[in-house]
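For reference, the structure is listed below as structure tokens.
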Amino acid sequence: MTSNVELAAWVEEVVQLTKPEAVHWCSGSEEENSSLINLMENSGDLIKLNEETHPNCYLHRSDPKDVARVEHLTFVCTKNELDAGPNNNWLEPSAGHMKIDKLFNGCMEGRTMYVIPYLMGPYGSPYARAGVEVTDSPYVVVNMRIMARIGLRALEHIEKGNGFVKGMHSLGDLDPDKRLIMHFPEELSIKSIGSGYGGNALLGKKCHALRIASSQARSEGWLAEHMLVLGMESPTGETKYVAAAFPSACGKTNLAMLVPPKGYEGWKIWTVGDDIAWMHLGPDGQLWAINPEAGFFGVAPGTSLKTNPNCMNTLGKNAIYTNVAVTKDMQPWWEGIDGDKPDSLVDWQARPHDLELNGPAAHPNSRFTVSAEQCPSFSPKGNSPAGVPISAIIFGGRRATVSPLVYEAFDWNHGVFTGAAMASETTAAAAGATGQVRRDPMAMKPFCGYNFADYWQHWLSFSQKSNNLPKVFHVNWFRKNENGEFIWPGFGENMRVLEWILGRCAGHSDALETPIGFVPRPEAINFDGLELTRETISALLNIDPEIWANELCEIETYFETYSEKLPESLRLQLERVKSSFAKESVA
Ligand code: GTP
Ligand code: SPV
Ligand code: MN
Numbered sequence: 227m228t229s230n231v232e233l234a235a236w237v238e239e240v241v242q243l244t245k246p247e248a249v250h251w252c253s254g255s256e257e258e259n260s261s262l263i264n265l266m267e268n269s270g271d272l273i274k275l276n277e278e279t280h281p282n283c284y285l286h287r288s289d290p291k292d293v294a295r296v297e298h299l300t301f302v303c304t305k306n307e308l309d310a311g312p313n314n315n316w317l318e319p320s321a322g323h324m325k326i327d328k329l330f331n332g333c334m335e336g337r338t339m340y341v342i343p344y345l346m347g348p349y350g351s352p353y354a355r356a357g358v359e360v361t362d363s364p365y366v367v368v369n370m371r372i373m374a375r376i377g378l379r380a381l382e383h384i385e386k387g388n389g390f391v392k393g394m395h396s397l398g399d400l401d402p403d404k405r406l407i408m409h410f411p412e413e414l415s416i417k418s419i420g421s422g423y424g425g426n427a428l429l430g431k432k433c434h435a436l437r438i439a440s441s442q443a444r445s446e447g448w449l450a451e452h453m454l455v456l457g458m459e460s461p462t463g464e465t466k467y468v469a470a471a472f473p474s475a476c477g478k479t480n481l482a483m484l485v486p487p488k489g490y491e492g493w494k495i496w497t498v499g500d501d502i503a504w505m506h507l508g509p510d511g512q513l514w515a516i517n518p519e520a521g522f523f524g525v526a527p528g529t530s531l532k533t534n535p536n537c538m539n540t541l542g543k544n545a546i547y548t549n550v551a552v553t554k555d556m557q558p559w560w561e562g563i564d565g566d567k568p569d570s571l572v573d574w575q576a577r578p579h580d581l582e583l584n585g586p587a588a589h590p591n592s593r594f595t596v597s598a599e600q601c602p603s604f605s606p607k608g609n610s611p612a613g614v615p616i617s618a619i620i621f622g623g624r625r626a627t628v629s630p631l632v633y634e635a636f637d638w639n640h641g642v643f644t645g646a647a648m649a650s651e652t653t654a655a656a657a658g659a660t661g662q663v664r665r666d667p668m669a670m671k672p673f674c675g676y677n678f679a680d681y682w683q684h685w686l687s688f689s690q691k692s693n694n695l696p697k698v699f700h701v702n703w704f705r706k707n708e709n710g711e712f713i714w715p716g717f718g719e720n721m722r723v724l725e726w727i728l729g730r731c732a733g734h735s736d737a738l739e740t741p742i743g744f745v746p747r748p749e750a751i752n753f754d755g756l757e758l759t760r761e762t763i764s765a766l767l768n769i770d771p772e773i774w775a776n777e778l779c780e781i782e783t784y785f786e787t788y789s790e791k792l793p794e795s796l797r798l799q800l801e802r803v804k805s806s807f808a809k810e811s812v813a
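Structural data, given as structure tokens:
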């Protein structure tokens with residue numbers, strides 16, 4: 227099946243352990259895809275949606291206890307515990323293998339094992355990396371076919387002698403008590419069992435492109451980040467690229483596909499990626515980003531023609547929907563979609579929808595899987611082997627209070643501090659309580675494959691390697707008033723903030739120096755046509771010293787969990803922010 231001895235031997239090893247009835251090497255072809263879809267239609271794993279309104283679209287209902295990433299069951303297994311860090315669950319590698327192999331033993335009996343060679347990154351890119359996922363889930367195969375470049379070309383890449391990440395996946399019996407997602411960065415391997423959902427099961431995505439890749443990136447001098455990448459074309463035809471890290475379900479897909487609002491005629495946003503960026507220093511000292519993925523695994527609820535028309539126009543065909551509701555005539559439906567709520571809806575668990583009894587019709591973490599190339603705003607540089615040069619890095623979180631709409635870090639090291647100090651309210655993208663503020667440095671809390679202290683040091687090291695790095699910003703689209711309502715309209719209107727950011731990069735937007743960074747003067751952002759009151763604008767840009775005193779205490783307490791490994795530079799940044807608040811209060 228392959229001329230690569232290492233790959234053949236590994237697949238044989240997995241066969242011995244999991245004992246599948248058959249082994250299928252995926253070519254990635256159209257015919258193969260159709261036959262898998264057929265198989266799943268027959269088994270009930272996929273349900274055909276309305277061909278007229280949604281050609282070639284399918285619904286998948288996952289096990290109701292398997293609807294999101296499971297961070298408490300996700301491990302990073304390194305020889306030395308300190309290498310995984312307090313930000314990860316840890317097991318020593320041989321203990322990890324032993325624990326998970328027990329579950330893999332015989333788990334594919336009576337099933338077909340699919341071998342999926344895949345490439346993360348554009349064909350021909352020096353930055354693209356290969357992997358092979360073996361899985362007993364045909365749903366994983368058809369989703370990986372959209373999300374990554376799978377099949378023969380990826381196999382060829384491996385057979386040319388390029389290394390690959392080994393990913394072993396099985397649905398097991400979907401028992402949450404027998405679910406584990408393990409990473410072995412020192413062996414470039416992943417083992418995942420007991421879940422068929424998203425980031426737990428599509429191993430090219432979070433497991434490979436973030437947890438394993440971040441660890442490789444550290445040793446090789448690049449960055450693997452939970453970031454969207456977009457291009458902003460101005461009316462003069464010049465395009466500048468920005469990368470933005472927001473935690474899960476905090477607005478990456480939406481920002482990546484932004485449609486400029488009224489007043490921004492002639493501007494155009496180009497989508498390079500919506501979730502992951504791999505960034506390398508170019509000879510020019512700029513960071514160049516590629517999107518390792520080929521598709522979007524996006525949050526359905528809240529997506530509409532009003533909030534994200536590009537997305538709606540992407541996902542109407544050739545899409546797989548997971549855990550959404552359906553209308554009587556088999557159209558996908560979710561909370562926040564356009565139009566009135568239909569009278570009769572079947573919810574994500576195939577029950578007649580009853581809000582009071584069973585909650586929302588679509589699961590809050592219901593998703594669509596769709597090819598990036600179908601996106602009307604897909605960047606002409608989206609498949610560029612060299613990637614795109616990044617002018618600004620934007621960090622952001624979901625904070626009802628504390629963080630202003632936007633601010634700019636003083637310099638690279640202060641930007642690293644700003645990213646490291648990030649916090650956000652938890653969302654339905656991971657199992658567990660939602661709406662709780664937690665520290666989520668660089669939006670990488672669930673995804674950094676090594677000790678955050680080393681990760682921050684790695685980020686800091688770039689200031690020694692280049693004097694042409696992007697400027698760093700922080701945004702917050704989610705400020706709320708005392709009634710719990712968002713005070714910023716968000717979505718397309720975020721363009722106004724992007725415009726200020728671009729202006730800062732070009733050296734002309736106006737800003738006020740504050741202890742936390744440069745904050746726009748109210749006149750420096752174009753609020754025309756938004757009908758925001760003066761109070762709202764000032765609330766959006768306000769930095770409350772009392773609230774920040776508390777925030778800085780929390781940052782300090784968090785940093786202390788990294789004890790002596792915390793980079794000195796971050797400690798100094800924290801002290802500087804604190805003392806500059808203190809000076810202000812005296813003045
Ligand atoms: P992951 O795929 O989990 O990494 O999420 P993401 O960061 O791509 O988030 P996404 O863009 O899918 O948005 C998540 C939710 O936040 C959706 O319900 C959106 O409608 C909502 N959202 C996105 N942008 C904004 C915004 O600017 N304002 C408000 N209020 N909500 C937003
Ligand atoms: C996220 O949770 O950040 C996602 C979805 O993008 S998943 O693929 O499940 O990780
Ligand atoms: Mn994500």
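Here this note's numbering is used: the first residue of the sequence shown is 227, the next is one more, and so on. Just so it is clear, CB atoms sit at the ideal spot from N, CA and C, and this is done for glycine as well.
Original post:
Distance, Cα to Cα, G661 vs K245?
Top reply: Looking at the two C-alpha atoms, the distance is approximately 43 Å.
Subject >> Beta-carbon contacts of N669 that lie in its chain and below 6 Å, excluding the five residues immediately before and after >> reply: A small fix is needed here, since residue 669 is Ala in this sequence, not Asn. Around A669: H452, A471, F472, P473.
Subject >> Closest by C-alpha distance to L233, when choosing among G565, N720, V391 >> reply: With distances taken between Cα atoms, L233 lies closest to V391.
Original post:
Does the region 569 to 581 touch the region 286 to 294, meaning 3 or more C-beta pairs lie closer than 8 Å?
Top reply: Touching, per the Cβ criterion.
Original post:
Once you ignore the five residues that flank N534 on each side, which residues in its own chain have a CB closer than 6 Å to its CB?
Top reply: Apart from sequence neighbours up to five positions away, the residues of its chain that approach N534 with a beta-carbon distance below 6 Å are N480, M483, ordered along the chain.
**OP:** Specify which residues have a beta carbon nearer than 6 Å to any heavy atom of the ligand SPV, listing them in chain order.
**Re:** Every residue passing the under-6 Å Cβ criterion appears here: R295, G424, G425, K431, K432, S474, D501, F523, A655.
Original post:
Which class does G254 belong to by DSSP, given the choice of helix, strand or coil?
Top reply: In the three-state reduction of the DSSP assignment, G254 falls in the coil class.
Subject >> Neighbour-count burial assignment, C333, 16 or more Cβ in a 10 Å radius >> reply: By the 16-neighbour rule on beta-carbons within 10 angstroms, C333 is buried.
Original post:
Between the Cα of S255 and the Cα atoms of R379, E307, M538, which residue gives the shortest distance?
Top reply: Considering only alpha carbons, the answer is R379.
Subject >> Option in Q799, N768, E810 with minimal Cα separation from L778 >> reply: Nearest to L778 by alpha-carbon distance, out of Q799, N768, E810, is Q799.
Original post:
Any chance the CB of T533 is under 7 Å from a heavy atom of the ligand GTP?
Top reply: T533 Cβ: within cutoff of the ligand GTP.
Original post:
Is W703 near the ligand GTP, with its Cβ less than 7 Å from a heavy atom?
Top reply: At least one heavy atom of the ligand GTP is nearer than 7 Å to the Cβ of W703, so yes.
Subject >> Minimum length 4: unbroken alpha helix (DSSP H) runs contained in the region 377 to 420 >> reply: The DSSP assignment places 378 to 385 as complete runs of the alpha helix (DSSP H) inside the region 377 to 420, in order along the chain (cut-off: 4 residues).
**OP:** Go ahead and pull the three-state DSSP assignment for W496.
**Re:** W496: strand per DSSP, three-state reduction.
Subject >> Alpha-carbon spacing of I263 relative to P558, whole angstroms >> reply: Straight-line Cα distance between these residues: approximately 18 Å.
Original post:
By how many angstroms is the C-alpha of P667 removed from the C-alpha of W638?
Top reply: One Cα belongs to W638, the other to P667, and the distance between them is close to 15 Å.
Original post:
Taking C-alpha atoms, which residue in A503, K291, P602, P343 lies nearest to M227?
Top reply: With respect to the C-alpha of M227, the residue from A503, K291, P602, P343 having the closest C-alpha is P343.
**OP:** Tell me, please, which residues DSSP counts as bridged to V525.
**Re:** According to DSSP, which records beta bridges pairwise, V525 is partnered with R593.
**OP:** Consult DSSP for G613 and reduce its assignment to one of helix, strand or coil.
**Re:** The DSSP-derived three-state label of G613 is coil.
Original post:
Mapping DSSP to helix, strand and coil, what is Y353?
Top reply: The answer is coil: DSSP assigns Y353 none of H, G, I, E or B.
Original post:
Under 7 Å from any heavy atom of the ligand MN, does the C-beta of H506 make it?
Top reply: Outside the cutoff, so no.
**OP:** Rounded to whole angstroms, what's the CA-CA distance from K488 to Y353? Just pull it up for me.
**Re:** K488 and Y353: Cα-Cα distance of roughly 38 Å.
Subject >> Sub-8 Å separation of H383 and A356 beta-carbons >> reply: Yes, the pair counts as a contact, with Cβ atoms nearer than the cut-off.
Original post:
Going by the beta-carbon positions, is the gap between C537 and T529 smaller than 8 Å?
Top reply: By the CB criterion at 8 Å, C537 and T529 fall inside the cutoff.
Original post:
Are at least three pairs of beta-carbons, each pair with one atom in the region 562 to 571 and one in the region 508 to 517, less than 8 Å apart?
Top reply: Under the 8 Å Cβ criterion, the region 562 to 571 does not count as touching the region 508 to 517, having fewer than three qualifying pairs.
Original post:
Do L541 and M505 have their C-beta atoms within less than 8 Å of each other?
Top reply: No. Outside cutoff.
Original post:
V455 and G499 look like a contact to me (Cβ under 8 Å); what is the Cβ gap, rounded to whole Å?
Top reply: Indeed, because the Cβ distance is near 5 Å, the residues count as touching under 8 Å.
Original post:
Between which two residues does the alpha helix (DSSP H) carrying F330 extend?
Top reply: Run containing F330: 319 to 330, per the alpha helix (DSSP H) assignment.
**OP:** Taking W493 as the reference, give the member of V360, L428, E267, L728 with the closest Cα.
**Re:** Ranking V360, L428, E267, L728 by Cα distance to W493 puts L728 first.
Original post:
Any heavy atom of the ligand MN closer than 7 Å to the CB of H452?
Top reply: Distances taken from the Cβ of H452 to the heavy atoms of the ligand MN include one shorter than 7 Å.
Original post:
Counting Cβ pairs closer than 8 Å, one from the region 676 to 687 and one from the region 628 to 644, do we hit at least three?
Top reply: With contact defined as three or more Cβ pairs closer than 8 Å, the region 676 to 687 and the region 628 to 644 are in contact.
Original post:
Looking only at DSSP bridge pairs, what is E815 linked to?
Top reply: With the chain covering only 227 through 813, there is no way to say anything about residue 815.
Original post:
Taking the C-alpha atoms as reference points, what is the distance between I372 and E772?
Top reply: When rounded, the separation of the alpha-carbon atoms in I372 and E772 is 48 Å.
Original post:
For the ligand GTP, is there a heavy atom less than 7 Å away from the beta-carbon of K706?
Top reply: Result no, Cβ not under 7 Å from the ligand GTP.
Original post:
Does the pairing of the region 308 to 317 with the region 608 to 617 give three or more beta-carbon distances under 8 Å?
Top reply: With the cut-off at 8 Å, the region 308 to 317 and the region 608 to 617 do not touch.
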